[in-house]
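Worksheet: one structure, shown below.
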Amino acid sequence: MLSAMLCDQWQWKQPNGALRDMVCRGMLLMLDRAGQIELPPVKRVPHNPLARRTRPSPVPIDTTPVECGLDQIQPVEFAQVRRSGDEPLFNGLMEEHHYLGYEQPVGEHLKYVAWAQGRPIACMAWSSAARHLGARDRYIGWDQPARRRNIRLIAYNTRFLILPWVRVKHLASHILGRMAARISEDWERMYGHPIYFLETFVDPARFRGTCYRAANWALLGKTTGRGKQSNSYVPNRSIKQVLGYPLTKRFRALLTE
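For reference, each letter of the sequence shown is one residue, going 16 to 272 in the numbering used here.
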(Lines of atoms letter the chains of each structure in order from A and count residues from 1; the text may use other names and numbers.)
(Lines give C-alpha, C1' and ligand atoms only; values in the text may rest on other atoms or scores of the structure.)
Protein backbone atom coordinates (compact mmCIF):
# COMPACT_ATOMS: atom_id res chain seq x y z
CA MET A 1 0.00 0.00 0.00
CA LEU A 2 1.49 3.33 -1.10
CA SER A 3 0.57 5.27 2.03
CA ALA A 4 2.03 2.61 4.34
CA MET A 5 5.24 2.49 2.27
CA LEU A 6 5.63 6.27 2.53
CA CYS A 7 4.97 6.27 6.28
CA ASP A 8 7.58 3.58 6.75
CA GLN A 9 10.09 5.37 4.52
CA TRP A 10 9.58 8.71 6.28
CA GLN A 11 9.33 7.11 9.74
CA TRP A 12 5.96 8.83 10.05
CA LYS A 13 4.61 7.07 13.11
CA GLN A 14 2.38 7.66 16.10
CA PRO A 15 3.92 7.70 19.59
CA ASN A 16 2.77 4.08 20.04
CA GLY A 17 4.70 3.04 16.92
CA ALA A 18 1.71 2.63 14.58
CA LEU A 19 2.00 4.17 11.11
CA ARG A 20 0.13 7.44 10.49
CA ASP A 21 -1.53 5.73 7.55
CA MET A 22 -4.87 7.54 7.49
CA VAL A 23 -3.21 10.97 7.74
CA CYS A 24 -0.87 10.03 4.90
CA ARG A 25 -3.79 8.88 2.73
CA GLY A 26 -5.56 12.18 3.30
CA MET A 27 -2.43 14.11 2.35
CA LEU A 28 -1.96 12.08 -0.84
CA LEU A 29 -5.59 12.62 -1.89
CA MET A 30 -5.28 16.35 -1.24
CA LEU A 31 -2.11 16.60 -3.36
CA ASP A 32 -3.72 14.55 -6.13
CA ARG A 33 -6.80 16.80 -6.22
CA ALA A 34 -4.56 19.88 -6.26
CA GLY A 35 -2.69 18.53 -9.28
CA GLN A 36 0.62 18.31 -7.42
CA ILE A 37 0.90 14.54 -7.87
CA GLU A 38 -0.93 11.89 -9.88
CA LEU A 39 -2.06 8.84 -7.97
CA PRO A 40 -2.44 5.51 -9.75
CA PRO A 41 -6.00 4.44 -10.67
CA VAL A 42 -8.09 2.96 -7.90
CA LYS A 43 -7.85 -0.84 -8.06
CA ARG A 44 -10.85 -1.55 -5.86
CA VAL A 45 -13.17 0.14 -3.41
CA PRO A 46 -12.25 -1.21 0.04
CA HIS A 47 -14.91 -2.58 2.34
CA ASN A 48 -15.91 0.08 4.85
CA PRO A 49 -17.58 -1.50 7.89
CA LEU A 50 -18.46 1.93 9.29
CA ALA A 51 -20.59 2.74 6.25
CA ARG A 52 -22.75 -0.33 6.88
CA ARG A 53 -22.76 -0.15 10.66
CA THR A 54 -26.25 -0.57 12.08
CA ARG A 55 -27.47 1.34 15.09
CA PRO A 56 -27.10 -0.51 18.41
CA SER A 57 -30.15 -2.53 19.37
CA PRO A 58 -32.18 -1.84 22.54
CA VAL A 59 -31.08 -3.96 25.48
CA PRO A 60 -33.74 -5.63 27.66
CA ILE A 61 -32.80 -4.94 31.29
CA ASP A 62 -34.52 -4.42 34.62
CA THR A 63 -35.88 -0.85 34.74
CA THR A 64 -37.29 -1.00 38.26
CA PRO A 65 -36.66 2.44 39.83
CA VAL A 66 -33.59 2.77 42.05
CA GLU A 67 -34.23 5.61 44.50
CA CYS A 68 -32.07 5.49 47.61
CA GLY A 69 -28.91 6.83 49.21
CA LEU A 70 -25.48 6.11 47.77
CA ASP A 71 -24.55 3.96 50.76
CA GLN A 72 -27.52 1.69 50.06
CA ILE A 73 -26.29 0.60 46.62
CA GLN A 74 -22.66 0.05 47.55
CA PRO A 75 -20.48 -1.46 46.38
CA VAL A 76 -20.66 0.26 42.99
CA GLU A 77 -18.45 -1.74 40.64
CA PHE A 78 -16.94 -0.64 37.34
CA ALA A 79 -16.12 -2.64 34.24
CA GLN A 80 -14.15 -1.43 31.22
CA VAL A 81 -16.20 -3.11 28.50
CA ARG A 82 -14.47 -2.21 25.26
CA ARG A 83 -13.60 -5.43 23.39
CA SER A 84 -15.66 -7.43 25.88
CA GLY A 85 -18.96 -9.28 25.83
CA ASP A 86 -20.65 -6.34 27.58
CA GLU A 87 -19.77 -3.80 24.87
CA PRO A 88 -23.17 -4.31 23.11
CA LEU A 89 -24.85 -3.56 26.46
CA PHE A 90 -22.98 -0.26 26.69
CA ASN A 91 -23.73 0.64 23.07
CA GLY A 92 -27.42 -0.20 23.39
CA LEU A 93 -27.92 1.75 26.62
CA MET A 94 -26.21 4.81 25.17
CA GLU A 95 -28.23 4.63 21.97
CA GLU A 96 -31.54 4.29 23.78
CA HIS A 97 -31.11 6.53 26.81
CA HIS A 98 -28.49 9.25 26.11
CA TYR A 99 -29.92 12.37 24.47
CA LEU A 100 -27.13 12.31 21.86
CA GLY A 101 -27.45 8.58 21.22
CA TYR A 102 -24.52 6.26 20.58
CA GLU A 103 -21.61 7.39 18.43
CA GLN A 104 -18.78 5.05 17.48
CA PRO A 105 -15.53 6.62 18.75
CA VAL A 106 -12.52 6.99 16.48
CA GLY A 107 -9.02 6.47 17.82
CA GLU A 108 -8.14 5.57 21.38
CA HIS A 109 -11.17 5.14 23.63
CA LEU A 110 -12.54 3.24 26.61
CA LYS A 111 -16.09 2.37 27.63
CA TYR A 112 -17.29 1.76 31.18
CA VAL A 113 -20.42 0.34 32.76
CA ALA A 114 -21.12 0.92 36.46
CA TRP A 115 -22.97 -1.86 38.26
CA ALA A 116 -24.81 -1.99 41.58
CA GLN A 117 -26.60 -4.99 43.05
CA GLY A 118 -26.11 -6.87 39.79
CA ARG A 119 -27.71 -4.18 37.62
CA PRO A 120 -26.15 -1.62 35.25
CA ILE A 121 -26.78 1.88 36.60
CA ALA A 122 -24.51 4.14 34.54
CA CYS A 123 -22.26 4.30 31.47
CA MET A 124 -19.28 6.51 30.70
CA ALA A 125 -17.22 6.88 27.51
CA TRP A 126 -13.74 8.36 27.10
CA SER A 127 -11.83 9.09 23.91
CA SER A 128 -8.85 10.98 22.53
CA ALA A 129 -8.83 14.69 23.34
CA ALA A 130 -9.61 17.53 20.95
CA ARG A 131 -6.47 18.65 19.11
CA HIS A 132 -7.15 22.36 19.51
CA LEU A 133 -8.98 23.74 22.53
CA GLY A 134 -8.04 27.27 23.50
CA ALA A 135 -9.30 27.25 27.10
CA ARG A 136 -7.53 23.98 27.86
CA ASP A 137 -4.34 24.89 26.03
CA ARG A 138 -4.04 28.17 27.95
CA TYR A 139 -4.68 26.37 31.24
CA ILE A 140 -1.94 23.83 30.57
CA GLY A 141 0.43 26.42 29.12
CA TRP A 142 1.98 24.23 26.45
CA ASP A 143 3.30 25.32 23.08
CA GLN A 144 2.35 23.76 19.77
CA PRO A 145 5.18 21.18 19.62
CA ALA A 146 4.43 20.01 23.18
CA ARG A 147 0.73 19.80 22.39
CA ARG A 148 1.42 17.66 19.34
CA ARG A 149 3.67 15.34 21.33
CA ASN A 150 1.48 15.00 24.39
CA ILE A 151 -2.16 15.43 23.33
CA ARG A 152 -2.44 11.64 23.60
CA LEU A 153 -1.94 11.98 27.37
CA ILE A 154 -5.35 13.67 27.78
CA ALA A 155 -8.68 11.81 27.79
CA TYR A 156 -11.99 13.40 26.82
CA ASN A 157 -15.23 12.37 28.54
CA THR A 158 -17.55 12.12 25.53
CA ARG A 159 -20.60 10.53 27.17
CA PHE A 160 -21.89 10.24 30.74
CA LEU A 161 -25.20 8.47 31.33
CA ILE A 162 -26.98 7.76 34.58
CA LEU A 163 -29.84 5.50 33.56
CA PRO A 164 -33.14 7.40 33.82
CA TRP A 165 -34.72 5.15 36.45
CA VAL A 166 -31.71 5.57 38.77
CA ARG A 167 -32.05 8.47 41.23
CA VAL A 168 -29.25 8.27 43.76
CA LYS A 169 -27.93 11.50 45.26
CA HIS A 170 -24.18 12.07 44.74
CA LEU A 171 -23.88 9.03 42.44
CA ALA A 172 -22.60 11.05 39.47
CA SER A 173 -19.78 12.75 41.39
CA HIS A 174 -18.92 9.40 43.02
CA ILE A 175 -18.55 7.83 39.58
CA LEU A 176 -16.34 10.69 38.39
CA GLY A 177 -14.08 10.27 41.40
CA ARG A 178 -13.79 6.54 40.88
CA MET A 179 -13.05 7.03 37.19
CA ALA A 180 -10.28 9.51 37.96
CA ALA A 181 -8.66 6.94 40.24
CA ARG A 182 -8.47 4.18 37.63
CA ILE A 183 -8.58 5.53 34.08
CA SER A 184 -4.85 6.16 33.65
CA GLU A 185 -3.99 2.58 34.56
CA ASP A 186 -6.73 1.22 32.29
CA TRP A 187 -5.55 3.43 29.42
CA GLU A 188 -1.96 2.33 29.83
CA ARG A 189 -3.05 -1.30 29.84
CA MET A 190 -4.96 -0.81 26.58
CA TYR A 191 -2.73 1.68 24.73
CA GLY A 192 0.67 1.61 26.39
CA HIS A 193 0.70 5.12 27.84
CA PRO A 194 -0.84 6.89 30.87
CA ILE A 195 -3.31 9.76 31.10
CA TYR A 196 -2.44 12.92 33.05
CA PHE A 197 -5.46 15.15 32.46
CA LEU A 198 -9.20 14.76 31.84
CA GLU A 199 -11.48 17.14 29.95
CA THR A 200 -15.13 17.43 28.99
CA PHE A 201 -17.67 19.86 27.56
CA VAL A 202 -20.91 20.91 29.25
CA ASP A 203 -23.74 22.52 27.29
CA PRO A 204 -25.07 25.20 29.70
CA ALA A 205 -28.35 25.31 27.80
CA ARG A 206 -29.02 21.77 29.05
CA PHE A 207 -26.85 21.16 32.11
CA ARG A 208 -25.16 22.98 34.96
CA GLY A 209 -22.23 20.60 35.32
CA THR A 210 -22.94 20.25 39.05
CA CYS A 211 -21.58 16.71 39.34
CA TYR A 212 -18.26 17.70 37.73
CA ARG A 213 -17.85 20.65 40.07
CA ALA A 214 -18.73 18.43 43.04
CA ALA A 215 -15.95 16.08 41.89
CA ASN A 216 -13.50 19.05 41.86
CA TRP A 217 -13.30 19.53 38.11
CA ALA A 218 -12.20 23.08 37.21
CA LEU A 219 -13.97 25.41 34.80
CA LEU A 220 -11.30 26.25 32.21
CA GLY A 221 -13.37 28.54 29.98
CA LYS A 222 -15.66 28.19 27.00
CA THR A 223 -15.47 26.87 23.47
CA THR A 224 -15.64 29.32 20.58
CA GLY A 225 -18.67 27.62 19.06
CA ARG A 226 -16.75 27.00 15.85
CA GLY A 227 -16.09 23.50 14.59
CA LYS A 228 -12.78 22.43 13.09
CA GLN A 229 -14.23 22.83 9.58
CA SER A 230 -15.34 26.44 10.20
CA ASN A 231 -13.89 29.03 7.82
CA SER A 232 -14.99 32.10 9.77
CA TYR A 233 -15.05 33.53 13.29
CA VAL A 234 -18.84 33.25 13.46
CA PRO A 235 -20.07 30.50 15.85
CA ASN A 236 -21.84 27.70 13.99
CA ARG A 237 -22.71 25.53 16.98
CA SER A 238 -23.57 25.92 20.66
CA ILE A 239 -20.91 27.40 22.95
CA LYS A 240 -20.00 24.97 25.72
CA GLN A 241 -18.17 25.17 29.01
CA VAL A 242 -14.79 23.43 29.13
CA LEU A 243 -13.99 21.57 32.34
CA GLY A 244 -10.79 19.80 33.27
CA TYR A 245 -9.35 17.58 35.97
CA PRO A 246 -5.62 16.92 36.53
CA LEU A 247 -4.74 13.37 37.53
CA THR A 248 -1.39 14.40 39.00
CA LYS A 249 0.01 17.57 40.55
CA ARG A 250 2.80 17.44 37.96
CA PHE A 251 0.43 17.49 34.98
CA ARG A 252 1.82 20.76 33.57
CA ALA A 253 5.42 19.58 33.75
CA LEU A 254 4.52 16.23 32.21
CA LEU A 255 2.40 17.72 29.41
CA THR A 256 4.84 20.50 28.48
CA GLU A 257 8.04 18.45 28.40
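Ideal placement from N, C-alpha and C gives every residue a C-beta, glycine not left out.
Expected contact under 8 angstroms - CB spacing of residue i and residue j to nearest Å
| i | j | result |
| --- | --- | --- |
| A129 | I190 | 6 angstroms |
| A161 | L270 | 7 angstroms |
| Y127 | Q95 | 6 angstroms |
| G259 | Y114 | Between Y114 and G259 the Cβ distance is about 23 angstroms, and since that is not below 8 angstroms, they are no contact. |
| K184 | G84 | 7 angstroms |
Residue of the options minimising C-alpha distance to residue i
| i | options | result |
| --- | --- | --- |
| F93 | V181, G192 and P120 | G192 |
| D152 | L213, D36 and R70 | L213 |
| E110 | M194, P71 and P55 | P71 |
| P98 | L125, A230 and K58 | Checking the sequence, you will find Arg at residue 98 rather than Pro. The option with the nearest alpha carbon to R98 is L125. |
| V91 | A131, T79 and P120 | A131 |
| A195 | H112, K255 and A230 | A230 |
| G133 | W157, L46 and Q89 | Q89 |
| E102 | D86, L85, P120 and Q87 | P120 |
| L235 | F175, F216, R221 and A220 | F216 |
| R267 | Q51, D86, G156 and M16 | G156 |
CB contact flag (residue i, residue j, <9 angstroms)
| i | j | result |
| --- | --- | --- |
| S199 | L108 | no |
| V257 | A150 | yes |
| L168 | I177 | no |
| V57 | L104 | no |
| S188 | C138 | no |
| M205 | E123 | yes |
Beta-carbon contacts of residue i that lie in its chain and below 6 angstroms, excluding the five residues immediately before and after
| i | result |
| --- | --- |
| T173 | A140 and S142 |
| C39 | S18, L21 and C22 |
| V181 | V81 and I136 |
Own chain residues within Cβ distance below 7 angstroms of residue i, not counting five before or after
| i | result |
| --- | --- |
| T78 | W180 |
Same chain, Cβ closer than 8 angstroms to residue i, neighbours up to 5 away in sequence not counted
| i | result |
| --- | --- |
| K28 | C22, L34 and R35 |
| D47 | E53 and L54 |
| H112 | L176, L178 and P179 |
- Within the region 126–159, note down every full alpha helix (DSSP H) run reaching 4 residues or more, in order along the chain. If only complete runs of 4 or more residues are kept, the region 126–159 shows the alpha helix (DSSP H) at 149–155, in order along the chain.
- Complete runs of the alpha helix (DSSP H) confined to the region 186–258 [at least 4 residues]: Runs found: 186–206 and 225–229.
- At which residue ranges does the region 69–122 contain complete beta strand (DSSP E) runs of 3 or more residues, listed in the order of the chain? Fully enclosed beta strand (DSSP E) runs of 3 or longer: 81–83 and 92–95.
- Item | Sequence ranges, alpha helix (DSSP H) only - wholly within the region 17–49, length at least 4 | DSSP runs (the alpha helix (DSSP H)) wholly in the region 17–49: 17–25 and 36–48.
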